[in-house]
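Enquirer: Let me begin by handing over the structure; questions about it come next.
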Amino acid sequence: MEEIGTYQKLKLMILHGEIRRGEPLVERSVGDLLGVSRTPVRETIRRLEKEGLVRIIEGKGAFVADYSIDDVIEIYQVREGLEPIAARLGCPYVRAADLDRFQEQFNLYKNRASRRDNDPDEWLKLGRDFHDLFIRASQNGRIIQAIEGLRGQIELVRGISRSASVRSVAQSSVDEHLEILHALRARAPQRVEKAVRTHLQNALQHKLETLQQSRLTR
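With this note's numbering applied, the sequence shown corresponds to residues 5 to 222, in that order.
Have a look at this one:
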């Protein structure tokens with residue numbers, strides 16, 4: 005049980021940016037931070053390495069994964085290969101009530117996009133939950149399993165946007181999510197497949213620009 009709690013806490017700290025990309029994970033220091041012994045920390049680090057959130061370098065130790073541009077491109081290539089298909093397959097099965105709920109949230113967020121009181125974590129969660137909606141609706145177990153296997157890496161890449169202007173992300177991305185939603189509501193499989201693909205391509209471009217800028221300012 006101690007290991008599970010340690011795993012969840014450390015993973016969330018990484019995904020929320022409380023421990024920054026590239027920072028070392030020293031067992032004793034992490035254990036002191038979380039109030040646990042080194043053993044669950046060691047097991048957690050190994051588990052997170054398998055998920056791609058931690059990298060262990062021989063002779064140097066463990067570090068929070070700091071994805072290169074090539075890493076980000078690869079992750080988005082996988083997403084672009086799977087999520088548009090999932091959206092097309094799930095299009096007939098997404099419930100109208102769920103679409104109503106997300107449309108209300110997207111419209112609310114869009115109306116607030118011109119202000120600076122938007123929470124980046126709130127936006128990331130909203131986007132993740134919306135993508136999960138049509139992915140689960142696909143009823144394709146292999147697609148769902150493949151995306152779940154990349155879940156941590158996808159979340160870590162999404163977190164790159166946390167350092168960018170939430171306003172710019174909202175203005176460019178909310179409309180794309182609404183287009184996906186409208187295509188789902190219209191029960192238009194080809195349209196929704198195209199909308200998801202376009203959204204992922206634009207998201208990748210935004211991530212690369214943000215990543216390149218962060219490299220320049222380090």
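Yeah, the Cβ is synthetic: ideal placement off N, Cα and C, and Gly gets one too.
Going by DSSP, what residues sit across from V68 in a beta bridge?
Expert: V68 pairs with V58.
Enquirer: CA-CA distance, K211 and S41?
Expert: Whole-angstrom Cα-Cα distance: 36 Å.
Enquirer: Relative to the C-alpha of Q175, which candidate in T10, I139, P124, G85 has its C-alpha closest?
Expert: Cα-wise, what sits closest to Q175 is P124.
Enquirer: Quick check on P28: does DSSP put it in helix, strand or coil?
Expert: Three-state result, P28: strand.
Enquirer: Helix, strand or coil for L154? Go by DSSP, reduced to three states.
Expert: In this structure, L154 counts as coil in the three-state DSSP scheme.
Enquirer: The alpha helix (DSSP H) spanning R99 covers which residue range?
Expert: No alpha helix (DSSP H) contains R99, which DSSP labels as neither H nor E.
Enquirer: Along the alpha helix (DSSP H) that carries D123, what are the first and last residues, could you check?
Expert: Segment: none, D123 is in no alpha helix (DSSP H) and carries neither H nor E.
Enquirer: Under 9 Å, do E55 and Q149 count as touching if we go by C-beta distance?
Expert: For E55 and Q149, no; Cβs fall outside 9 Å.
Enquirer: Can you tell me which of the three DSSP states V161 falls into?
Expert: The answer is helix: DSSP assigns V161 an H, G or I state.
Enquirer: Got a sec: does the ligand COA put a non-hydrogen atom nearer than 8 Å to the Cβ of E31?
Expert: Annotation note on the ligand COA: not contained in the displayed structure, which lists no ligands.
Enquirer: Classify G39 as buried or exposed, calling it buried when 16 or more other Cβ atoms lie within 10 Å of its own Cβ.
Expert: Label assigned to G39: exposed.
Enquirer: Helix, strand or coil: which one does DSSP assign to H186?
Expert: Reduced to three states, the DSSP call for H186 is helix.
Enquirer: Kindly indicate which residue of N206, A90, P193 has the alpha-carbon position closest to the one of I151.
Expert: Answer by Cα proximity: A90.
Enquirer: Of the choices G153, I77, R191, D104, whose alpha-carbon is the least far from that of F134?
Expert: Selected option, being the one with the closest Cα: D104.
Enquirer: Helix, strand or coil, according to DSSP, for Q205 in the structure here?
Expert: Of the three classes helix, strand and coil, the one that applies to Q205 here is helix, per DSSP.
Enquirer: Classify A187: buried if its beta carbon has 16 or more other beta carbons within 10 angstroms, exposed otherwise.
Expert: Looking at its Cβ environment, which holds 16 or more other Cβ atoms inside 10 Å, A187 is buried.
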